[in-house]
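Whatever position you read off the sequence shown (first residue = 1), add 165 for our numbering.
Glycine residues also receive a C-beta, built at the ideal position from the N, C-alpha and C atoms.
Only a predicted model underlies this, so the values are computations on that prediction, with no experimental measurement involved.
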Amino acid sequence: MNQLGVSLLPGCVLRPAKVEDIWAIRKLVLGAKLEPTQLRWQQFWTIEYQGKIVACGQLRSFLGVQELGSLVVAPAWQGKGLASYLTRHLIEQATQPLYLECMSGLVPFYRQFGFVEVSWKSLPQPLKIKFALGQVASKLLPVRFAVMQYQGISK
């Protein structure tokens with residue numbers, strides 16, 4: 166059970182990624198059609214079941230801020246709470262202001278954890294550079310991206 170009172174499924178193990186996990190992580194990220202750059206295994210946490218990685222996510226560090234990114238759950242494991250568990254864990258691990266960029270359809274998912282939408286203009290400079298591509302894509306393609314900042318859960 167994590168600090169927010171959520172249990173992991175029986176048989177699943179949350180652990181920091183190891184160097185040998187990089188190919189399984191890349192496969193999950195590419196399969197989800199997420200941006201495949203900056204996949205540093207040292208920044209990832211994984212959830213494995215019987216030795217197979219079924220979910221992953223990373224906490225990227227920039228100057229003065231962090232980004233929750235590359236959160237993926239294998240299709241056969243979706244809907245079982247793994248994304249929620251991993252999101253809560255990554256929030257607990259963050260040591261600096263935490264941001265993320267997601268497709269606009271995922272805003273309600275992240276909102277339940279205390280993330281709120283923020284304008285691109287209000288972002289710290291390192292994230293303006295990082296999230297610039299999503300902003301361009303939102304203008305040119307029928308896909309919309311949202312930028313969010315973790316502000317905690319109000320009680």
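Is the separation between the beta-carbon of residue i and that of residue j shorter than 7 Å?
| i | j | result |
| --- | --- | --- |
| Gln261 | Val281 | no |
| Leu236 | Met313 | no |
| Gln208 | Arg225 | yes |
| Cys221 | Ile256 | no |
| Leu193 | Pro201 | no |
| Pro291 | Phe227 | yes |
| Ser269 | Arg309 | yes |
| Tyr315 | Leu263 | yes |
| Ile212 | Cys267 | no |
Taking its Cβ as the centre, do 16 or more other Cβ atoms sit within 10 Å of residue i, making it buried, or is it exposed?
| i | result |
| --- | --- |
| Lys320 | Confidence in Lys320 is poor, its pLDDT being 45 and thus under 50, which makes the residue's placement unreliable; the coordinate value appears in the next sentence. The residue in question, Lys320, is exposed, as its Cβ has fewer than 16 Cβ neighbours within 10 Å. |
| Thr252 | buried |
| Val238 | buried |
| Val219 | buried |
| Leu288 | buried |
Which of the three DSSP states is assigned to residue i in this structure?
| i | result |
| --- | --- |
| Val283 | coil |
| Leu233 | strand |
| Lys320 | Residue placement at Lys320 is flagged as unreliable, the pLDDT there being 45, under the threshold of 50; the coordinate-derived value follows with that caveat. Looking at Lys320 - three-state DSSP - the assignment turns out to be coil, as it is neither helix nor strand. |
| Arg309 | coil |
| Glu200 | coil |
| Pro289 | coil |
Which partner residues does residue i have in the DSSP bridge list?
| i | result |
| --- | --- |
| Gln223 | Phe209, Gly234 |
| Gln314 | Tyr264, Val281 |
| Val178 | Glu213 |
| Ile218 | Glu213 |
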